[in-house]
Each structure stands twice: as structure tokens, then as C-alpha cells.
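So the protein sequences, as listed, match chains A and B. What the first sequence shows, in my numbering, is residues 10 to 306, in sequence order. What the second sequence shows, in my numbering, is residues 51 to 437, in sequence order. Every residue, glycine too, gets a C-beta built ideally from N, C-alpha and C.
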Amino acid sequence: MIVTGKGGVGKTTVSVALGMRAAAEGKRTIVCEVSAQENASRMFEHTTVGFHEVELEENLWAISIDPDESMREYVLLQLKVRAMRDMLFRSRIFNYLAAATPGLKELVTIGKIWELAQLDRKVKSARKYDTVIVDAPATGHGVGFLQTPRTFANIARVGPIHSQAKTLDNFITDHDNTGVAIVALPEEMPVNESAALEHDLVEEVGVAVDRVYLNGLYPERFSKEEAEKLTALAAADDGAAKAAARAALSEFGRARSQRAQLARLRRRAQAPVKTLPFLFEPDLGPEAARRLSKRLA
Amino acid sequence: MSPKSPTLADVLDGKQVVICAGSGGVGKTTTSAAIAAGLAARGLKVCVLTIDPAKRLADSLGLEELGNDARRVDPKLFEAQGVEIKGELWAMMLDPKQTFDELIARQAPDEESRDRVLQNPIYQQISGALAGSQEYMAMEKLFELHTEGDYDMLVLDTPPSRNALDFLEAPRRLTQFIEGKSLKVFMKPTGFAAKVAGRGATVALSVMKRIVGFDLIADLAEFFNAFSGMVDGFQARAKRVNKLLAAPTTCFLVVCGPQGEPIDEAVYFHRKLVEAKLPFGGVIVNKVHYPAEQLRGDDEDLPGTLAEKLGDEDLAQRVAANFADYQALAERDARNIEHLAREMRATGVIRVPYLDEDVHDLAGLAQINRYLFATGEERVAMAAGRA
């Protein structure tokens with residue numbers, strides 16, 4: 010399951026929540042962070058997630074996929090002769106090419122995701138996962154990121170990179186085993202963008218978009234009649250009651266405009282839309298993700 | 051917030067280039083458009099540039115679409131929102147691929163080398179969607195417009211990056227790649243690299259060929275050969291672009307949101323700007339929950355007071371609970387912004403409140419514009435006054 014969407018919509022929180030949900034269902038699950046910013050680590054206090062599989066709780070694992078480490082691991086798996094590997098790692102051209110070739114980092118990152126999803130893991134003594142959840146890069150880069158294998162397959166035309174890139178492309182576009190979830194916010198432009206993103210993912214990349222999560226939906230705390238009462242209070246009163254009435258009216262206004270956006274998203278999205286509540290919590294830590302995970306049933 | 055804290059107009063006084071940087075989803079595009087509109091209202095001829103396939107800028111400026119050429123925004127549209135544009139407001143959405151092609155055409159010594167580059171499969175890939183080229187092309191276009199000198203002020207909305215830092219690093223990565231001199235020597239397709247570079251390099255190359263395939267290596271070699279005539283031109287240009295970015299007439303504004311993660315990223319980005327000796331102008335925090343200052347502890351029995359005034363106990367409970375939620379968010383935002391201001395040693399953090407209406411049109415833009423160009427005190431008053 011690949012989780013994507015524009016920046017700042019809560020992809021990481023949703024990814025972790027999906028991971029918790031799958032783990033709770035008894036599936037051995039891993040959440041992969043790809044942008045090397047350790048966002049997911051924030052979600053799990055006291056645990057540093059690096060380029061190794063860390064168990065966070067029962068059935069739930071996490072990894073932060075670092076492209077340099079993935080490249081290293083890839084070479085180790087390709088070249089069995091130690092002397093050759095050492096020479097390659099020391100080689101200036103290799104290091105230069107590895108750092109400078111556009112898209113190579115994305116390619117090896119996807120390669121690692123593929124490796125994690127294999128029933129027959131390439132990495133020695135590694136166990137298999139039932140579910141792999143990828144916290145993918147933001148919108149613009151998201152489409153480019155998922156297209157990388159095809160791009161490489163086209164550039165390389167023949168040879169080992171071609172066939173491996175092809176394998177990765179098939180893996181991403183395998184509708185039976187790989188799905189994409191888009192995370193959106195209930196605002197005008199994010200709704201437009203997620204509709205456009207869904208279109209690009211389906212038409213250009215050819216992946217299966219399974220679901221659109223509308224994140225951060227305000228609860229409907231007040232009715233229209235109540236809002237009228239509160240408007241009168243806000244106009245008449247002073248001090249705390251006035252401020253409280255205003256905050257309530259703010260909530261009412263946002264909840265309403267968000268419902269309108271939800272309706273727009275439902276009209277425009279092809280995949281089913283599922284809503285996730287706005288959490289009135291100062292910091293979105295593991296508890297927030299857990300609460301969301303309960304809403305994902 | 052001190053009353054002496056500079057306004058955005060003070061910060062931007064005497065500048066020619068403003069670069070709005072920040073991670074995705076923090077309202078960079080809206081902020082860039084509002085800044086450009088504010089400066090145009092003050093009599094400048096301003097152009098706002100974006101690389102934004104999602105057409106956010108076009109949407110928020112009321113334009114049907116934007117292209118690689120600048121378009122003038124109809125001042126009447128702003129007038130209708132109570133903003134008088136004394137100068138001129140222009141906008142463009144740049145097409146990275148087209149900009150890159152134009153750059154190649156300009157740098158190529160002759161038509162043949164131009165076509166060799168344009169038709170190379172590797173060039174076709176890097177000039178399109180791959181990370182790095184967008185950022186580089188944004189700077190390139192900025193430089194071009196600045197050199198032409200048609201505008202008093204250029205406002206750049208940086209591309210939506212995974213990480214704001216990509217914007218600073220990508221051009222360097224890309225130029226390094228294009229300039230790959232050492233590599234070029236090793237990868238001559240004729241294979242006499244061994245004589246030049248010694249045995250180690252050749253063996254490494256043959257190992258690489260085994261992993262990646264000969265075609266790819268050959269394409270790369272061809273790519274570097276095709277570029278060879280342009281490397282000096284690119285280097286010279288990159289130097290001038292960097293000089294523009296570091297000029298005292300340029301100003302980087304960091305845009306972020308009030309949550310922990312965007313704040314941490316903004317702090318990190320600021321540090322990198324300082325390290326790179328790039329001119330930092332200030333920080334804008336969007337969607338801030340303003341606290342209702344007179345409140346906490348003011349009324350010990352808020353639910354009771356509310357129940358009395360509303361004549362509905364259940365509603366009063368909900369209003370009080372909702373208020374407590376909002377206050378908690380406002381307190382969090384205040385804490386985060388204080389941390390941000392301390393880390394950046396910024397005198398005036400510009401806080402744009404979380405407006406009740408979703409900002410996606412000119413009315414919203416005009417509202418954001420008023421907050422951006424107000425003094426700190428005015429902003430607090432405006433936030434308190436809105437219903």
C-alpha cells in the first residue's frame with residue numbers, strides 16, 4: 010500500500026495509522042518512510058528508525074529507507090565477490106554516478122520496497138511481511154517517484170537494469186497486490202489536486218488507486234439554529250463568553266465548508282472516499298495515529 | 051510581538067528578488083501571490099513565478115491558466131476586493147522542460163550539438179520530471195528575468211519539494227552531473243580510458259557495465275560528450291545565478307505552518323540558508339490559531355455562564371469544550387512560534403491567522419495580503435476583530 014498526497018496533509022500519520030490497523034488484524038506489517046526525514050520516528054517516541062527494520066509493537070515494524078544504504082545493499086546482493094564490491098565502493102566513478110544520476114535514488118528506494126514485499130526475501134535471514142505500507146513523497150514528486158522504474162526501463166532498453174526496472178514497474182502496477190491511497194484535506198485546492206493526482210496515477214502511472222482519505226475533517230458540533238444563537242451572543246456579549254461563541258462559530262463555519270468539499274471530492278474521485286477526523290491535539294504522536302487507526306476499520 | 055517589529059514592506063524595501071521557500075502544504079503559493087499583490091498595490095511592477103502543475107497560482111489569481119510567458123493580472127479583479135493595484139502585477143508558470151530546452155539552445159555552440167543534447171534519452175529524462183531539474187530551472191528563469199530587468203520585483207514560489215532543502219541543493223547536484231568531467235574521461239566509448247586513468251578505473255567500469263548494462267553507460271557517455279561544448283557556459287551561468295541568490299537585493303522568506311513538524315523544518319532550512327550565506331529576510335507562519343488573550347482563568351465557570359446566556363446547558367457544554375480545544379491549539383501554536391523565533395533570532399515572525407474561510411480565490415488572497423503587510427499590532431487587532 011503506497012500512501013501519497015500533497016505536502017502537509019498528514020500522509021505520515023495516515024501511513025502509521027494504516028500500519029497499526031493492519032498489525033491489529035494480525036498481519037506482520039512494516040511502515041516505510043522514504044524521504045529520510047524521519048517523520049515516522051516522530052510518531053514513535055523513544056524509537057529511532059533508521060535503515061534497518063525496527064519492531065515498534067506487536068506485528069508492527071518500521072524502516073526509514075535511505076537511498077545510499079539501499080544502493081549499497083543492492084550492490085552487495087548483485088556482486089558476490091567481496092573484492093569486486095570493495096573496489097566498486099572505492100571507485101570514484103561509481104560514487105560519482107551513484108550520487109549524480111537523476112532518479113537513481115528513487116529507483117533504489119523502490120527496489121528496497123520491492124525487496125521488503127517479497128515472500129522470498131533477498132536479504133539474508135530476513136522475515137517476510139504480509140503488508141508493506143509506504144509513506145511516499147508529496148504529490149508532484151509522488152507521480153515522478155512511482156514512474157522512475159518505467160523511466161529507467163526505457164532508458165536502459167536492454168540489460169540487467171532494464172529487466173530489474175521492469176520488474177519494479179510491474180510490481181508497482183500490479184493491481185492485485187499493490188494499491189495506492191491518496192490523502193487529501195477538505196479544502197478547495199487540495200481537493201482539486203487530489204482529483205488531478207488520482208487521474209495522473211491511474212492514467213499515467215497505471216497504478217490502482219484504492220481509496221482517498223479525506224483527513225482532518227472537523228466534527229459537526231453545532232446545528233444551524235445553534236449557530237444563530239451563538240451569533241447573537243457573540244455580537245451582544247463581551248469577554249470569555251464572546252470569545253467562546255466566536256470559536257464555536259469558527260468551528261461551525263469550517264465544519265460546513267469542509268462538508269461542501271467532501272461532497273465535491275466524492276463527486277470527483279473515482280475511488281471510494283473515507284473521512285478521518287481532525288484531531289484537536291497539540292502534537293500528533295503515536296496516540297493520535299492509534300485513534301485514527303481505530304477509524305480505519 | 052514588539053511594536054517595533056518590521057513589517058513585510060520594511061523587510062522587502064530595496065529588494066529586487068523575493069524567494070518564498072518552505073516545505074509542501076504550508077501555503078507558499080498563496081503567500082507568494084499575496085506578497086506580489088501587496089507590492090504591486092504599493093506601486094511596483096511585480097512578477098510572481100511558480101512551477102506548479104496544480105495551477106494553484108492561476109486559481110488564486112483568478113486566471114484561467116498561466117504559461118511560460120508572463121501574464122498581467124487584471125487590476126479590476128483586485129479592486130473588486132478593495133485592493134488598489136497602483137503598479138502592475140504579472141504572473142507566470144514556468145515549464146521546466148521548455149526552460150531547459152531554451153537554455154540548451156542558448157548555450158549550444160552550434161545546431162548540431164544542440165540537437166544531440168535535445169535528442170539524448172538521458173537528457174529527455176532529466177529535463178522532464180526528475181527531481182532537481184525543476185528547482186534548477188526555477189532559478190534559471192529567475193536569473194533570466196532579473197537580467198532582462200523588466201520588473202521592479204520578482205517573487206519566486208519555490209517548487210513543492212519533499213524537503214525545502216532540495217531547492218538549495220538540487221541545482222548544485224544537477225550542475226555537477228552536467229559537468230561530470232572526471233566521468234567523461236573514463237567513459238569514452240572507444241574504451242581507451244585504461245590508458246588515461248589506469249587499471250582500477252577500467253575494472254570498476256566493467257563491473258558497472260555488468261550491473262547496469264552497456265546501453266545505459268553508452269547513453270551516459272554520449273550525454274556527456276554532447277554536453278562537453280557547453281560545460282564552461284553552464285559553469286559561468288551557474289556562478290552568476292548563485293551570485294544573484296546571494297545578492298543583498300535578494301531576500302529569502304521562509305514560509306511554514308504552526309505545527310511541530312513544519313516549524314522544525316523551517317528552523318533547519320533557516321540554518322542552511324545562514325550556512326550558505328544566503329540573505330534571510332524573515333519567516334511567515336500561516337494558519338495560526340490566535341489566542342483569545344483575555345480569557346483563560348477569566349471566567350472560572352464558563353459552561354455555567356454560557357448556559358445562563360444561551361439558555362441551553364447542553365449547547366453551553368459543547369461551546370465550552372470546543373473553546374478549550376481551540377485554546378489548546380492556540381497555545382501550541384504560540385509555543386511553537388516562540389521556539390521558531392528563538393532559533394532564528396527573527397525579530398518579527400509574521401503570523402497569518404487560520405481564517406474561517408478556505409483561502410482559494412482573490413477575496414482570500416486580499417485578506418491574506420492585509421495580514422502580511424500589517425504591523426504585528428495591527429495583525430493582533432485584525433485577528434481579534436474578525437467574527
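- Residue-level contact check: Leu-352 of chain B touches chain A, since one or more beta carbons of chain A fall below 8 angstroms from its beta carbon.
- For Gly-188 of chain A, the secondary structure class from DSSP, reduced to helix, strand or coil, is coil.
- Comparing C-alpha distances from Glu-42 of chain A to each of A:Arg-275, A:Phe-231, A:Leu-125 shows the shortest one belongs to A:Leu-125.
- Ala-84 of chain B and Ala-276 of chain B have their C-alpha atoms spaced approximately 43 angstroms apart.
- Rounded to the nearest angstrom, the gap between the Cα atoms of Val-369 of chain B and Ala-254 of chain A is 7 angstroms.
- Asn-224 of chain A is positioned such that its CB atom lies no closer than 8 angstroms to that of Gly-28 of chain A.
- Within chain B, the residues placing a beta-carbon under 7 angstroms from that of Ala-253 of chain A are Leu-352, Leu-356, Val-369, Ala-370, Phe-373, ordered along the chain.
- Close to Val-76 of chain B, with beta-carbon spacing below 7 angstroms, are these residues of chain A in chain order: Gly-17.
- Annotation: the continuous beta strand (DSSP E) that includes Ser-73 of chain A extends over 69-73.
- With a cutoff of 8 angstroms on beta-carbon distance, Gly-16 of chain A and Gly-414 of chain B are scored as not near each other.
- Close partners of Lys-359 of chain B in chain A (Cβ separation under 8 angstroms): Leu-242, Asp-246, Ala-250.
- Cα atoms of Thr-187 of chain A and Ala-217 of chain A: separation of roughly 7 angstroms, rounded to the nearest angstrom.
- Glu-66 of chain A and Ala-205 of chain A have their C-alpha atoms some 36 angstroms from each other.
- At the C-beta level, Pro-146 of chain A and Asp-178 of chain A stay beyond 8 angstroms of one another.
- Residues of the stretch 414-429 of chain B with a Cβ closer than 8 angstroms to any Cβ of chain A: none.
- Between the stretch 119-130 of chain B and the stretch 159-176 of chain B, the count of Cβ pairs shorter than 8 angstroms is below three; the stretches do not touch.
- DSSP, reduced to helix, strand and coil, places Ile-39 of chain A within a strand of the structure shown.
- Using a Cβ-Cβ cut-off of 7 angstroms, Pro-171 of chain B is close to Ile-164 of chain A, given in chain order.
- Contact between Val-67 of chain B and Cys-301 of chain B holds, since their C-beta atoms are separated by about 7 angstroms, short of 8 angstroms.
- Counting C-beta pairs with one atom in each stretch, the stretch 239-247 of chain A and the stretch 373-392 of chain B have fewer than three that are closer than 8 angstroms, which means they do not touch.
- Residues of the stretch 295-312 of chain B with a C-beta less than 9 angstroms from any C-beta of chain A: Gly-307, Gln-309, Gly-310, Glu-311, Pro-312, listed in chain order.
- Contacts between Ser-73 of chain B and chain A, judged by CB atoms closer than 8 angstroms, involve Gly-16, Gly-17 in chain order.
- Neighbours of Gly-59 of chain A in chain B, taken as residues whose beta carbon is under 9 angstroms from its own, are absent, since the nearest beta carbon is some 17 angstroms off.
- Annotated as proximal: Leu-422 of chain B and Leu-58 of chain B, with beta-carbon spacing under 8 angstroms.
- In the DSSP annotation of this structure, Val-132 of chain A is not part of any beta strand (DSSP E), being labelled neither H nor E.
- Under the three-state reduction of DSSP output, Leu-365 of chain B falls in the helix class.
- Within the stretch 204-235 of chain A, the residues whose Cβ lies closer than 8 angstroms to some Cβ of chain B are Ala-205, Arg-230, Phe-231, Glu-235, listed in chain order.
- For the 8 angstroms CB-CB criterion, Ala-316 of chain B and Val-291 of chain B do not form a contact.
- Gln-157 of chain B has its alpha-carbon roughly 7 angstroms from the corresponding atom of Phe-284 of chain B.
- For Leu-365 of chain B, a Cβ of chain A is located within less than 8 angstroms of the residue's own Cβ.
- In the DSSP assignment, Pro-286 of chain A falls outside any alpha helix (DSSP H) and within the unbroken beta strand (DSSP E) covering 282-286.
- Around the beta carbon of Arg-166 of chain A, fewer than 16 other beta carbons lie within 10 angstroms, which makes this residue exposed.
- The criterion of a C-beta distance shorter than 8 angstroms is satisfied by Thr-299 of chain B and Lys-65 of chain B.
- In terms of Cα proximity to Ile-154 of chain B, the closest of B:Leu-168, B:Pro-146, B:Lys-136 is B:Leu-168.
- Not one beta carbon of chain B lies nearer than 8 angstroms to the beta carbon of Gly-120 of chain A.
- Scanning its chain for C-beta atoms nearer than 6 angstroms, with the 5 sequence neighbours on each side dropped, one finds around Pro-76 of chain A the residues Lys-114, Val-117, Thr-118, in chain order.
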